[in-house]
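Below is one structure, written out as structure tokens; comments come after it.
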Amino acid sequence: MAALEGLGFAVDWFDRGSYRREDPVEVARLRAREDARTLLIARDMPVLRNTESGLDSLFPISEIEALGGAEVEALLGLLPDGAPIFIALLADGAVELRSDASDGFLDRRILVVPGREDLKLIDLRSIAVGGLVPRDQAAMLAAAKALMHWHAHHRFCANCGALTDVAVAGWRRDCKVCKATHFPRTDPVVIMLPVDGDACVLGRQPRFPKGMYSALAGFVEPGETIEAAVRREIWEESGVVCGAVQYFASQPWPFPASLMIGCFAEARNRSIKVDQVELEDARWFTREEAVALLEKRHPDRLAAPTPAAIAHHLLKQWAYEGVRFR
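What the sequence shown shows, in the working numbering, is residues 40 to 365, in sequence order.
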């Protein structure tokens, strides 16, 4: 399938260099190269630099030491030109919370790097939605955020409780006490659009922006296929029973570390029973309404998710081109 225009974090173009991670000499050689760069994460947020051409997420390796050193470093991979890219998790003390009244909200708090007016900490969702950095950098930041979130929350062995060591260039943690090895995790999430003829089901959670409806979604459970998870989540959240399931596309979603698996599902009934625990509302939308959502002209001022989210592309594919179940 061709790349989905505007889809956040879904760029797969750099060499992750997984075959190099086991060799500490090779990793040190790459880190010492003049063209080596690093992404910086602090308190789960990317650090960006203001430049004449805009915001940039790639820093010289020397910035790690300039900002107090890293709690964890990892080799992300190599750019097409061969330049190595690392990730550094800065200590919490490298940044601080300050009040910011620049937009008129006196109680707003932001993270800043003391003494570095050229640096900004911006949450990754805002970076993707606003297109604040090139798509390739946003994709790398997604990997960086997810990996460093795992390190920050998995310092101790889940088997015996001992402190673990970073290994394999940041892609494993080892326990010296019980010899257990721990790897970064990715949580699979199904996100799906139930459809029946010229109608589809969308729902909204209370945390959504006002008026926004999106595709239904939920985590895949142990021992469950993608298809079974799609059917179960739709039934649990909306009461709609589905049959055939068609895969569409996937998207890394680093909040904190999910893989969104986009699917369509063929609905077998039109009745709706909303799960009030998960959703604020769920309803059927006609194809005409779906187009109005996408084109921001719905008469009730309802809206679709932004193109950064795979839910937008699920709705767009069905609304403009339809879906054919095998």
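All residues carry an ideal CB built from backbone N, CA and C; glycine is no exception.
Own chain, CB closer than 8 Å to residue i, minus 5 neighbours either side, in chain order
i      : result
MET231 : ALA254, LEU255, ALA256, VAL269, GLU272, ILE273, VAL284, GLY301, CYS302, PHE303, ALA304, LEU353
PHE324 : ALA238, CYS239, VAL240, LEU241, TYR252, LEU332
LEU97  : ARG76, THR77, LEU78, ILE124, GLN176
ALA133 : ALA81, LEU106, GLY107, VAL152
ARG72  : ALA122, PRO123
LEU207 : In the sequence on display, residue 207 carries Val and not Leu. Cβ within range, chain order: ARG60, GLU61.
ARG148 : LEU136, ARG137, SER138, ASP139
Same chain, Cβ closer than 6 Å to residue i, neighbours up to 5 away in sequence not counted
i      : result
VAL86  : LEU79, LEU158, LEU160
ALA181 : PHE48, PRO291, PRO293
PHE247 : none
TRP189 : PRO223
ASP62  : none
CYS199 : VAL216, CYS217
Where residue i falls, given that 16 or more other Cβ within 10 Å makes a residue buried
i      : result
THR220 : exposed
CYS281 : buried
THR264 : exposed
GLY242 : buried
PRO293 : buried
PRO153 : exposed
GLN176 : buried
SER138 : exposed
LYS184 : buried
LEU136 : exposed
GLU360 : exposed
ASP51  : exposed
SER92  : exposed
ARG365 : exposed
MET40  : Unreliable positioning characterises MET40 in this predicted model, as indicated by a pLDDT of 48, which lies under 50. A coordinate reading is not provided.
PRO338 : exposed
ARG212 : buried
LEU202 : exposed
ALA178 : buried
ALA109 : buried
Spatial neighbours of residue i in its chain, beta-carbon cut-off 7 Å, leaving aside the 5 residues before and after
i      : result
ALA358 : ARG326, ALA329, VAL330, LEU333
ASP235 : ALA306, ARG309
GLY250 : ARG340, LEU341, ALA342
VAL362 : VAL234, GLN285, PHE303, GLN356
GLU65  : ARG59
GLU266 : VAL284
ILE103 : THR77, ALA109, ALA127
MET299 : VAL228, ILE230, SER289, GLN290, TRP292, ILE349
ASP314 : GLU275, GLU276
Whole-Å CB distance - residue i paired with residue j, under 8 Å assumed
i      : j      : result
ARG59  : ILE100 : Actually they are not in contact, since the Cβ atoms of ARG59 and ILE100 sit about 16 Å apart, beyond 8 Å.
LYS215 : ASP204 : 7 Å
ALA244 : LEU318 : The amino acid at residue 244 is misidentified as Ala; the sequence shows Gln. Rounded, the Cβ-Cβ distance is 6 Å, consistent with contact.
LEU186 : PRO223 : 6 Å
PHE45  : ALA347 : The amino acid at residue 45 is misidentified as Phe; the sequence shows Gly. That belief holds up - the Cβ atoms of GLY45 and ALA347 are roughly 6 Å apart, short of 8 Å.
SER297 : THR225 : 7 Å
SER277 : VAL240 : 6 Å
ALA113 : GLY209 : 2 Å
LEU43  : ALA288 : 6 Å
VAL228 : VAL259 : 7 Å
Quiz item: Can we say the stretch 54-63 touches the stretch 107-118, given the rule of at least three CB pairs closer than 8 Å?
Solution: Output reads yes: the stretch 107-118 touches the stretch 54-63.
Quiz item: At a cut of 8 Å, does the stretch 120-135 reach the stretch 60-80 through at least three beta carbon pairs?
Solution: yes
Practice problem: Run through the stretch 80-114 for me and flag every whole alpha helix (DSSP H) of 4 or more residues, listed as ranges in chain order. | Solution: 101-105
Self-check item: the stretch 192-202 touching the stretch 163-173, judged by at least three CB pairs closer than 8 Å
Solution: no
Exercise. Go through the stretch 210-280 residue by residue and report every complete run of the beta strand (DSSP E) that reaches 3 residues or more, in order.
Key: 211-213, 226-235, 238-243, 255-258
Quiz item: Which ranges would you report for the beta strand (DSSP E) in the stretch 149-199 if only whole runs of at least 3 residues count?
Solution: 158-160
Practice problem: Output the residue ranges of the alpha helix (DSSP H) runs that lie fully inside the stretch 277-306 and measure 4 residues or longer, sorted by chain position. | Solution: none
Quiz item: Which runs of the beta strand (DSSP E), 3 residues or longer, sit entirely within the stretch 44-86?
Solution: 76-81
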